[in-house]
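Numbering (the numbering used here), first residue to last: 154 to 525. Have a look at the structure below before the remarks.
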């Protein structure tokens with residue numbers, strides 16, 4: 154399943170994964186890549202993603218072991234409790250209250266295993282007026298303020314990113330909090346309960362923008378969406394060969410290099426060394442850049458901007474990732490069997506090739522349940 158070298162960071166860690174769909178499974182899949190043993194505990198019908206989003210299921214469950222248990226039935230629940238006695242971590246993604254009704258909540262399990270780290274990942278957390286609401290990424294972004302600061306500077310709220318950042322923020326905070334709790338257990342011997350709200354984690358990622366907004370507010374001003382989103386010489390431009398290039402010349406020295414490299418006129422005024430002044434002329438600068446960039450192919454600009462040290466990158470499609478020379482040099486897209494997979498992004502001692510495939514439903518039931 155997973156090809157690991159000796160000394161993987163999380164080797165010897167056993168995680169029972171009751172979660173489905175994306176946030177919990179992605180968190181535990183990344184922990185697989187760091188060497189953890191993850192046992193995916195599925196209901197008899199399997200994780201709903203197996204049928205709803207099968208390719209997604211395969212992606213976020215690579216390297217795990219699968220067992221099937223009907224936790225509504227006492228015999229299967231007893232088997233799970235026995236597994237939990239020897240587990241380091243349990244992660245679940247039920248709505249608040251469901252784990253307790255099933256008899257697999259933290260209070261029940263820690264009575265048998267005081268060192269257990271128990272992580273609940275839910276839409277809005279275990280407390281608060283929205284705790285029982287259903288939700289998906291768009292809903293979390295709306296409550297967190299992320300949708301308000303997305304889209305066009307003068308336009309309505311928008312949230313069109315193809316990357317589910319709310320779900321993935323929860324995955325990252327689940328990993329961080331689990332690892333911190335394990336470190337705490339090293340010192341105290343005690344486990345703990347972790348309440349990961351997807352909305353809270355995305356709200357945390359809004360913090361850099363919120364901090365600026367609050368500083369302006371305390372000075373008696375008001376920060377608008379346009380103030381946040383309007384950035385001069387920062388955007389996506391089409392080239393002559395119908396490719397797209399990003400330019401990110403935010404700092405003054407990069408802006409000056411961009412103006413020199415492109416030869417656009419009317420922007421040598423020393424006042425433009427001030428960032429706020431440049432931002433006030435964002436549309437004017439963009440309107441001057443767009444036809445110039447469109448007059449030459451991508452490779453012309455890539456060569457020129459690399460030589461002149463201007464921040465740029467091509468807009469890759471998913472088809473482009475495996476052939477991108479930099480991503481290839483970094484080993485980010487790897488062929489494992491017939492699949493191409495995204496590798497763990499941080500080179501670390503003990504981390505080898507990515508896990509090859511997701512388990513079939515109940516593939517490891519006999520192996521794991523018989524040994525326990």
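Beta carbons are placed, not taken as given, at the ideal position from N, Cα and C, and that holds for glycine.
Does the separation of the CB atoms of residue i and residue j fall below 7 Å?
| i | j | result |
| --- | --- | --- |
| residue 467 | residue 398 | yes |
| residue 223 | residue 197 | yes |
| residue 435 | residue 383 | yes |
| residue 168 | residue 191 | yes |
| residue 300 | residue 176 | no |
| residue 580 | residue 278 | In the structure displayed, the chain extends from 154 to 525; residue 580 sits before or after that span and is not available. |
| residue 503 | residue 160 | yes |
| residue 121 | residue 500 | This structure leaves residue 121 out entirely; the chain is present only between 154 and 525. |
| residue 463 | residue 506 | no |
| residue 515 | residue 314 | no |
| residue 443 | residue 390 | yes |
| residue 312 | residue 303 | yes |
| residue 405 | residue 422 | no |
Can you give the Cα-Cα distance for residue i and residue j, rounded to whole angstroms?
| i | j | result |
| --- | --- | --- |
| residue 455 | residue 494 | 27 Å |
| residue 490 | residue 428 | 50 Å |
| residue 158 | residue 270 | Because the pLDDT of residue 158 is 46, which lies under 50, any placement of that residue in the model is unreliable, and the question is left without a value. |
| residue 239 | residue 334 | 17 Å |
| residue 200 | residue 215 | 14 Å |
| residue 347 | residue 332 | 11 Å |
| residue 385 | residue 424 | 14 Å |
| residue 264 | residue 165 | 22 Å |
| residue 449 | residue 410 | 18 Å |
| residue 480 | residue 461 | 22 Å |
| residue 371 | residue 378 | 17 Å |
| residue 306 | residue 325 | 29 Å |
| residue 446 | residue 412 | 12 Å |
| residue 327 | residue 453 | 44 Å |
| residue 523 | residue 477 | 46 Å |
| residue 343 | residue 295 | 37 Å |
| residue 369 | residue 360 | 14 Å |
| residue 288 | residue 457 | 46 Å |
| residue 256 | residue 484 | 44 Å |
| residue 319 | residue 213 | 16 Å |
| residue 418 | residue 439 | 12 Å |
| residue 407 | residue 396 | 22 Å |
| residue 437 | residue 420 | 10 Å |
Which residues bound the beta strand (DSSP E) around residue i?
| i | result |
| --- | --- |
| residue 389 | 387 to 391 |
| residue 313 | Counting along the chain, residue 313 falls outside any beta strand (DSSP E), and DSSP gives it neither H nor E. |
| residue 190 | 190 to 195 |
| residue 209 | No beta strand (DSSP E) contains residue 209, which is instead part of the alpha helix (DSSP H) from 207 to 213. |
| residue 170 | 167 to 170 |
| residue 271 | 270 to 275 |
| residue 219 | 218 to 221 |
Would you grab the beta carbon distance between residue i and residue j for me? Rounded to a whole angstrom, and I think it's under 8 Å.
| i | j | result |
| --- | --- | --- |
| residue 272 | residue 242 | 7 Å |
| residue 471 | residue 486 | Their Cβ separation, rounded to whole angstroms, is 10 Å, which puts residue 471 and residue 486 out of contact at 8 Å. |
| residue 246 | residue 275 | 7 Å |
Determine the burial state of residue i: buried for a count of at least 16 other Cβ atoms within 10 Å of its Cβ, exposed for fewer.
| i | result |
| --- | --- |
| residue 155 | Its pLDDT being 39, under 50, residue 155 is placed unreliably in this model, and the value from its coordinates should be taken loosely. It counts as buried. |
| residue 217 | buried |
| residue 365 | exposed |
| residue 225 | exposed |
| residue 612 | Residue 612 falls outside the range modelled here, since the chain spans only 154 to 525, and no answer is possible. |
| residue 316 | exposed |
| residue 184 | buried |
| residue 163 | buried |
| residue 180 | buried |
| residue 341 | exposed |
| residue 182 | buried |
| residue 339 | exposed |
| residue 430 | exposed |
| residue 204 | exposed |
| residue 236 | buried |
| residue 232 | buried |
| residue 373 | exposed |
From what residue to what residue does the alpha helix (DSSP H) around residue i run?
| i | result |
| --- | --- |
| residue 406 | 405 to 415 |
| residue 382 | 378 to 382 |
| residue 345 | Residue 345 -> not in any alpha helix (DSSP H); beta strand (DSSP E) instead, spanning 345 to 350. |
| residue 470 | It is not in any alpha helix (DSSP H) - residue 470 carries neither H nor E in the DSSP assignment. |
| residue 518 | 518 to 524 |
Is any heavy atom in the ligand FAD found nearer than 6 Å to the beta carbon of residue i?
| i | result |
| --- | --- |
| residue 516 | Here there are no bound small molecules, and the ligand FAD is not part of this structure. |
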